[in-house]
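Trainee: Quick one: the structure is below, and I'll ask about it shortly.
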Amino acid sequence: MWEYTEKVMDHFRNPRNVGVIEDADGVGEVGSMACGDALTLYIKVDPEGRIKDAKFQTFGCASAIASSSALTELIIGKTVDEALKITNQDIADYLGGLPEQKMHCSVMGREALLAAIANYKGQSRESLASPLVCECFGVTEDEIERAVRENRLTTREQVTHYTKAGGGCGSCHERIEAILAKLRREVDVAIAAPTKKLTNLQKMRLVEETIERQIRPELQKDGGDIQLVDLEGNRVMVSLRGVCKGCPSAGITIKGIEQRLKDMVSQDLVVEEVAS
Amino acid sequence: MKFVYMDNNATTRVDPLVMEEMLPFFTEAYGNPSSMHLMGAMAQKAVSEAREKVAELLNAHPDEIVFTGCGTESDNAAIRGILEAWPEKRHLVTTRVEHPAVWNQIPYLRQKGYQVTELRVDREGRLDLEHLRSSLSDDTALVSIMFANNETGVVFPLDEIAQIVKARGIPLHTDAVQAVGKIQIDLAKLPVDLLSMSGHKIHAPKGIGVLYIRRGTRIAPFMIGGHQEKGRRGGTENVPYIVGLGKAAELSLKELTREPLRLGVLRDKLEQGILERIPRVLVNGKGTRRLPNTLSCCFEYVEGESLLLLLSDLGICASSGSACTSGSLEPSHVLRAMGVPYTAAHGSIRFSLGRFNTEEEVDFVLENLPGIVERLRAISPFWKSRGEG
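Same order as they appear, the protein sequences are chains S and E. Residue numbers are given in my numbering: position 134 of the first sequence equals residue 125, and the series is strictly consecutive. My numbering runs 466 ahead of the 1-based position in the second sequence.
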């Protein structure tokens, strides 16, 4: 059984913005029924270049439906240029995370968005064409490179989890390895950057900053709050407030906070909930 | 939540009578069957009685029953034990639709230099017996063919298969994990040499299995240690679980004349009801002999995991051969081997009934399933354009 977050299950059970926009300004279609998931995204853009409305239709598993629903919520109200900056990780984060084997669902959302915007801008599919790497799932070189860069992927298994490429007959494994080798330095630098040895003071500042800028706004959106109580070595002590306090999913929330801090500050951090 | 458990091919509820039988062997009669005292004798007697009950279910001799940890262990032990006993023979025959316990051994064996023939099945899941006949050679060490398929319930004609294989004097193994307790198996009449079964598919707990080894079969030991199980599988016997399996075998045998009929009626009602209420459904293996409890069907234009999770919201437990439920990206190898189109294979659902299912539960599924399928089809980009919605 997959461990889906409550937010994934909510967007799966009650998907937002399902449907078709008949007079859409941009339509993006990705995936196919043979691949096991497919998404059609419709966007309506106002004269100022702002996405006024978005609707989707999805064939796929719970995380595919939830990722599509989250995507529409993320892009409505944003300008096209702002929307272009949304990464698959943003979609996954919006849902409180996805199992790694399901990250390709968030990538599918991102690809549909790019396709819809390209369609809106009048770019033809051909002008975007990039060589096909995985024939089983129709994944191009560009799509794989984008996923590798944005998610700092280092192994072929990860590429399959994120893009599906290489998950079928396996004949493209060498080409995927070649792409990984080509981007290896770039990814290594990106991975090394936030994990370089921090002084205690730097660590403290970075933890504080991550909580203030990233974690607190998300909790507040759900009516909760967080306070940093203390930092001892790698033990980050926080107290949860508002509806987060005593919430049965507080344990999940703490895990999510810990993962975020690990990603942003140091893999060694452990988060504990304490009374304030 | 009230559960409607229709996933009995995955595992079954431990029968309360089985549980009751097991309990004393944890805290009262907890001796080691090898010990020379009364406590040891009690355990030894219990293991012997359980062995007799399992033998009776299969119509075999008690000394042909070897207790193992699970069905997968039995399959591994059978295949590797035979190959090791016949080191000069380098060819194995099996099918494209085996359970992973056998199927995933194929790449491993090929790597070791074995030649492996995977027999074809047709659109209904029927085995190509001509392919079997033509694949056998003097180099064939073993034929391993499942009794009944875990996903579709399709039953292979083991009697015909045995005639073909035994005419060439080749050892024959069958993974009967899904068949035992659901259909009659008479090993006095059916000349297979090795048969795997599992406790938790017949209302015993998980963690106990059996490998039947016909008298006179040459096989290497598969767990080297003490003298237990005649030296074939060393290690102290799992007495409470063996006792549980014995009781489960006794209950299965008692029910074997009527229960399959009852399950068949329920399954047919479920199948008919689905076909009447929901358009664009394919039943896998419909045209051939199937286990009476199993219904595998594909709902076109929807994806299996989504269906399972919405069913689960109502307490209905089933399973799927879709890619998304397994963590792989390809749908079930069984459905692909049958040539089920990918577009349908992703929407496959398996309902497998068992001892505790009732007609009311079948009605409950029939009331709720059409709405769930409709809901998912409504958000699918393919339904309006290609379906008849």
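Even for Gly, the Cβ is constructed at its ideal location relative to N, Cα and C. Note that this is a predicted model, so its numbers are computed, not measured.
In the DSSP output, what is Ile34(S) paired with across the bridge?
Mentor: Note: Ile34(S) sits in a beta bridge opposite Gly17(S), Ala45(S).
Trainee: Could you tell me if Asn5(S) is buried or exposed, where buried requires 16 or more neighbouring beta carbons within 10 angstroms of its beta carbon?
Mentor: The residue is exposed, with fewer than 16 neighbouring Cβ atoms inside 10 Å.
Trainee: Between Leu722(E), Val643(E), Phe765(E), which lies nearest to Arg743(E) when the distance is taken from Cα to Cα?
Mentor: Taking only the C-alpha atoms, the option nearest Arg743(E) is Phe765(E).
Trainee: Compute the Euclidean distance between the alpha carbons of Ala551(E) and Leu777(E), then round it to the nearest angstrom.
Mentor: Taking the straight line joining both Cα atoms gives about 48 Å.
Trainee: What do you get for Phe491(E), buried or exposed, if any count of 16 or more other CB atoms within 10 angstroms of its CB means buried?
Mentor: Per the 10 Å Cβ criterion, buried.
Trainee: Does chain E have any CB closer than 8 Å to the CB of Cys163(S)?
Mentor: Output row for Cys163(S): interface = no.
Trainee: Ala29(S) bridges to which residues according to DSSP?
Mentor: DSSP, once it has assigned bridges, lists Gly22(S), Phe50(S) as partnering Ala29(S).
Trainee: Given a cut-off of 8 Å on the beta-carbon distance, is the pair Val768(E) and Gly787(E) in contact?
Mentor: Contact flag unset, no.
Trainee: Looking at the unbroken beta strand (DSSP E) that takes in Ala476(E), where does it start and where does it end?
Mentor: Note, Ala476(E): premise wrong, no beta strand (DSSP E); not H, not E.
Trainee: Of all Cβ atoms in chain S, is any one closer than 8 Å to the Cβ of Glu854(E)?
Mentor: Confidence at Glu854(E) is low in this model, with a pLDDT of 47, below 50, so its placement is unreliable and no value can be given for it.
Trainee: What is the rounded straight-line gap between the Cα of Thr244(S) and the Cα of Leu761(E)?
Mentor: Rounded to the nearest angstrom, the two C-alpha atoms are 40 Å apart.
Trainee: If you measure from the beta carbon of Thr49(S) to each beta carbon in chain E, is any gap under 8 Å?
Mentor: Yes, Thr49(S) counts as interfacial toward chain E.
Trainee: Let's see if you can read the secondary structure: which residues bound the beta strand (DSSP E) around Phe492(E)?
Mentor: Counting along the chain, Phe492(E) falls outside any beta strand (DSSP E), though it belongs to the alpha helix (DSSP H) covering 490 to 493.
Trainee: Quick one: list the residues of chain E neighbouring Asp37(S), beta-carbon separation under 8 Å, in chain order.
Mentor: Those do not exist, as Asp37(S) stays about 25 Å from chain E at its closest Cβ, beyond 8 Å.
Trainee: Give me the residue from Asn191(S), Glu263(S), Ile248(S), Arg176(S) with the minimum Cα distance to Glu209(S).
Mentor: It is Ile248(S).
Trainee: Helix, strand or coil, according to DSSP, for Gly853(E) in the structure here?
Mentor: With a pLDDT of 47 at Gly853(E), under the threshold of 50, the predicted position of this residue should be treated as unreliable, and no value is reported.
Trainee: Run through DSSP, which three-state label would Ile815(E) get?
Mentor: DSSP places Ile815(E) in strand when its eight states are reduced to three.
Trainee: Pick helix, strand or coil for His669(E), following the three-state DSSP scheme.
Mentor: In this structure, His669(E) counts as coil in the three-state DSSP scheme.
Trainee: So the alpha helix (DSSP H) Thr538(E) belongs to, where does it begin and stop?
Mentor: Residues 537 to 551.
Trainee: What is the DSSP secondary structure of Ile77(S), reduced to helix, strand or coil?
Mentor: Ile77(S) falls in the coil class under three-state DSSP.
Trainee: Quick one: using the 10 Å Cβ neighbour count with 16 as the cut-off for buried, is Pro797(E) buried or exposed?
Mentor: Pro797(E) should be labelled buried.
Trainee: Closer than 9 Å, Cβ to any Cβ of chain S: which residues of the stretch 696 to 723 of chain E, in chain order?
Mentor: Residues: none.
Trainee: Can Ile531(E) and Val520(E) be called in contact, C-beta distance under 8 Å?
Mentor: Their beta carbons are under 8 Å apart, which means Ile531(E) touches Val520(E) by this criterion.
Trainee: First and last residue of the alpha helix (DSSP H) that includes Ala103(S)?
Mentor: That run of the alpha helix (DSSP H) goes 94 to 111.
Trainee: Count the other CB atoms within 10 Å of the CB of Arg204(S); is the residue buried (16 or more) or exposed (fewer)?
Mentor: Looking at its Cβ environment, which holds fewer than 16 other Cβ atoms inside 10 Å, Arg204(S) is exposed.
Trainee: Thinking C-beta only, is Gly647(E) closer than 8 Å to Thr618(E)?
Mentor: No.
Trainee: For the beta strand (DSSP E) holding Gly697(E), just list the boundary residues, first then last.
Mentor: Element bounds for Gly697(E): n/a, residue is neither H nor E.
Trainee: How would you write the range of the beta strand (DSSP E) that Met228(S) sits in, first residue to last?
Mentor: Note, Met228(S): beta strand (DSSP E), 226 to 233.
Trainee: Does the separation of the CB atoms of Glu141(S) and Thr78(S) fall below 8 Å?
Mentor: Taking 8 Å as the Cβ cut-off, Glu141(S) and Thr78(S) qualify as a contacting pair.
Trainee: Please state whether the Cβ-Cβ distance between Phe533(E) and Glu703(E) is less than 8 Å.
Mentor: Yes, they are a contact pair.
Trainee: Taking the alpha-carbon positions, what's the Glu126(S) to Ile135(S) distance?
Mentor: Computed Cα separation, rounded: 13 Å.
Trainee: How long is the line joining the alpha carbons of Gly487(E) and Pro836(E), rounded to whole angstroms?
Mentor: Here residue 487(E) turns out to be Glu, not Gly, going by the sequence shown. Those two C-alpha atoms are separated by around 42 Å.
Trainee: Measure the alpha-carbon distance for Arg232(S) versus Asp221(S) and round it to whole angstroms.
Mentor: About 16 Å.
Trainee: Is Ile572(E) close to chain S? Criterion is C-beta to C-beta, closer than 8 Å.
Mentor: Cβ-Cβ to chain S under 8 Å: no for Ile572(E).
Trainee: Can you list, in chain order, the residues of the stretch 145 to 160 of chain S whose Cβ is nearer than 8 Å to any Cβ on chain E?
Mentor: Under the 8 Å Cβ criterion, the stretch 145 to 160 of chain S contributes Thr151, Lys155, Gly158, Gly159.
Trainee: For Val265(S), does the three-state DSSP call read helix, strand or coil?
Mentor: Three-state DSSP puts Val265(S) in coil, outside helix and strand.
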